[in-house]
Ligand SMILES: [Zn+2]
Ligand SMILES: [Zn+2]
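In our numbering, the protein residues as written are -15 to 330.
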């Protein structure tokens, strides 16, 4: 089958690789229909986020079941499904607590489309077929009437933006939210969208990218252009809920400075370097709760899909490019907030 292989920085190619087969009775084979570009994908493709090659890219996928193992009871060929990007058994202790990115039954970090990042290469969604283990718990039925393109980001980036504000807003209903945008462009804007949808009284979005500022304004945020002056930027108000989707040290530290005493800041990345310069003493004195870690994709995608089904969240708002698989090499690095690749190989 054809699959989009990351062979190294600036070196993507459609290659013929072995077609996945049902290997275990709980497996399903899924044909990807729509695959969203994760905010991390362009950084991988150009070598900004170094990853060992080769592997098949694509991990935000909506697809169609084409075959199931003997012990799959809940799905049949033809069913349309959302596939969370991390592999989780949904029955071990961490999975039962909702900590599905820490599943005890897989190597840490095991995910689609990120190669052996987590120790096991599951294959990727930019391919004609994907094998999904533990199908009955991994697959989420796509409700009729929901466009696969609109839902394609739910397996990762939409859920990632949502979780940054959903928990904090549950603790402090209606509280104002600050989102610091940047190198995780769609995650930051999905956080804005989620905060508005979940009833935040005021959402402020800071970035230095004119297009994203415009999008955030269209989502109902007050916007502030940082003009790259992250080190000196100071807002009049501090916020109980802050989201750092900027990724770089200066943007993250601006986010941390902007948290009110005893507020919470959630970072959606580990930063661009392994030794980040984090102002721990100032955070300690102010009592900043700093959340950092990957989204729990399996646990979060379900409530996010409910909001999409009910019309509360519309992830398609951010999709500014729909690109056929056959043009995915160019699409992987094109200027856009959210690209969705559609399978034109069928
Ligand atoms: Zn991702
Ligand atoms: Zn588990």
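For glycine and all other residues, C-beta sits at the position ideal for the given N, C-alpha and C.
- Checking the 7 angstroms criterion, the Cβ of residue 327 is out of range of every heavy atom belonging to ligand 2.
- Residue pairing by DSSP places residue -4 opposite -10 in a beta bridge.
- With respect to the 8 angstroms criterion, residue 209 and residue 234 are not classified as neighbours on the basis of their beta carbons.
- Per DSSP, the continuous beta strand (DSSP E) segment holding residue 162 begins and ends at 161 to 164.
- Nearest in C-alpha terms to residue 298, of all of 288, 35, 307, 2, is 288.
- In the same chain as residue 7, and ignoring 5 residues on each side of it, the C-beta atoms closer than 7 angstroms to its own belong to 115, in chain order.
- Listed in chain order, the non-local C-beta contacts of residue 293 below 6 angstroms within the same chain comprise 127, local neighbours out to five positions each way being set aside.
- From the listed residues 62, 76, 42, the smallest Cα separation to residue 95 is found for 42.
- In the same chain as residue 147, and ignoring 5 residues on each side of it, the C-beta atoms closer than 6 angstroms to its own belong to 279, 284, in chain order.
- Exposure of residue 91 is indicated by the presence of fewer than 16 other C-beta atoms within 10 angstroms of its C-beta.
- C-alpha of residue 180 to C-alpha of residue 204: approximately 7 angstroms in a straight line.
- For secondary structure counted as the beta strand (DSSP E) over 3 or more consecutive residues, the stretch 83 to 147 holds these complete runs in sequence order: 114 to 116.
- Restricting attention to 256, 268, 258, 259, the CA atom closest to the CA of residue 249 is found in 268.
- In the structure shown, residue 314 adopts helical secondary structure according to DSSP, grouped into three states.
- Contact between the stretch 220 to 229 and the stretch 240 to 255 is present, with at least three C-beta pairs closer than 8 angstroms.
- Only residues of its own chain outside the window of five on either side were considered, and among them 163, 165, 229 have a CB closer than 6 angstroms to the CB of residue 172, listed in chain order.
- Distances from the CA of residue 12 to each of 62, 270, 74, 201 were compared; the closest alpha carbon is that of 62.
- In the same chain as residue 305, and ignoring 5 residues on each side of it, the C-beta atoms closer than 8 angstroms to its own belong to 315, 318, 320, 322, 323, 324, in chain order.
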